[in-house]
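Trainee: Residue numbers (the working numbering): 243 to 451. Ideal Cβ positions, reconstructed from N, Cα and C, are used throughout, including at glycine. Quick caveat: nothing in here was measured; it's all calculated off a predicted structure. I have a structure I would like to understand better, so I am pasting it below and will then ask my questions one at a time.
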Amino acid sequence: MEAALPLALPTLLSFALTATIIELTPGPNMTYLALVSASGGRRIGFATVAGIALGLTIIGLAAAFGVAQLVSASHLAYEILRWAGVLFLLYLAWDGWRGDGDVVATMGETTTRHFFRGLVTNLLNPKAAVFYVAVLPTFIDASRPLLAQTVTLTLVYVTIATAIHAGIVILAGALEPFLTDPRRERIARRILSALLAGVALWFAWSTAR
């Protein structure tokens, strides 16, 4: 069985464990998913998860062909991407803060809008690119085909991240019935929006070079 894999099974399992630990660390995706799922429900939350998954896949494939490494190596490109990500997170926090407090109206929003928000959030996240450039290569076996290994590890990472994100949506979505009261919904949404703004500021600090 192991011979059919692009890389050794112990290496694959070690990478999966590393990816799980990294994804369980609170970050922009977790906070934003909690915000949209608690206030808008699981349908919107899962649409956002799909966008995040596509973003992670695109960045992983870009890393496989060296694009992410170019971004990581260029200080200007990295800074542009970093600050675009920070500003987008702040915009999402502000948009959540000033929401109309109507869960029913939020549920009527198209899933497409939230799908693209999840996608853009990850495409503007330089930490995702750095993960693929700095962490993923440490699990590569130079004696095996490079592209096949990179694609396999990318798919493993995206699968783990998507499973964890889906779990967040399910847990946060369970709060939706409690938030049908406009006052409670507004308070919860603003708390989560403030947390998202805090994550954006932490993100700006932690990704500075």
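#1: Would you tell me roughly how many angstroms separate the C-alpha atoms of Gln391 and Tyr333, rounded to the nearest one?
#2: Of all the options Tyr320, Ala335, Leu259 and Arg340, which has the alpha carbon lying nearest to the alpha carbon of Leu365?
#3: I want to check one thing, is the minimum distance from the CB of Phe288 to the heavy atoms of the ligand FAD below 6 Å?
#4: Indicate whether Gly293 and Gly415 have their beta-carbon atoms separated by less than 7 Å.
#5: Under 8 Å, with one C-beta from each stretch per pair, do the stretch 391 to 401 and the stretch 273 to 290 reach the 3-pair mark?
#6: In the structure shown, what three-state DSSP assignment does Pro387 receive?
#7: Give me the Cα-Cα distance between Ile406 and Asn271, rounded to the nearest whole angstrom.
#8: Return the first residue and the last residue of the alpha helix (DSSP H) that Leu254 is part of.
#9: Within 10 angstroms of its Cβ, does Ser281 collect 16 or more other Cβ (buried), or is it exposed?
#10: Taking 7 Å as the threshold (C-beta atoms), are Thr363 and Ala289 in contact?
#11: In the DSSP assignment, find the alpha helix (DSSP H) that holds Ala276 and state where it starts and stops.
#12: From what residue to what residue does the alpha helix (DSSP H) around Arg340 run?
#13: According to DSSP, is Thr352 part of a helix, a strand, or is it coil?
#14: Kindly indicate which three-state DSSP category Gly308 falls into: helix, strand or coil?
#15: Please classify Ala436: is it buried, with 16 or more other beta-carbons within 10 angstroms of its beta-carbon, or exposed?
#16: Against chain B, does Ile286 count as a neighbour if the rule is that its beta carbon must be under 7 Å from one of theirs?
#17: Look at the Cβ atom of Val291, then the Cβ atom of Ala408, and state whether they are nearer than 7 Å.
#18: So for Trp447, helix, strand or coil by DSSP?
#19: Helix, strand or coil, according to DSSP, for Leu247 in the structure here?
#20: Once you ignore the five residues that flank Leu247 on each side, which residues in its own chain have a CB closer than 7 Å to its CB?
Mentor: Straight from the coordinates:
#1: Roughly 37 Å separates the two Cα atoms.
#2: Checked all of Tyr320, Ala335, Leu259 and Arg340; the closest Cα to Leu365 is Tyr320.
#3: With respect to the ligand FAD, the structure offers nothing, as it holds no ligand at all.
#4: no
#5: Touching, no.
#6: coil
#7: Taking the Cα positions, Ile406 is about 10 Å away from Asn271.
#8: Leu251 to Leu266
#9: Per the 10 Å Cβ criterion, buried.
#10: no
#11: Pro270 to Gly282
#12: Per DSSP, Arg340 belongs to no alpha helix (DSSP H) and is neither H nor E.
#13: coil
#14: coil
#15: exposed
#16: Here there is only one protein chain, and chain B is not present.
#17: yes
#18: helix
#19: coil
#20: Leu254
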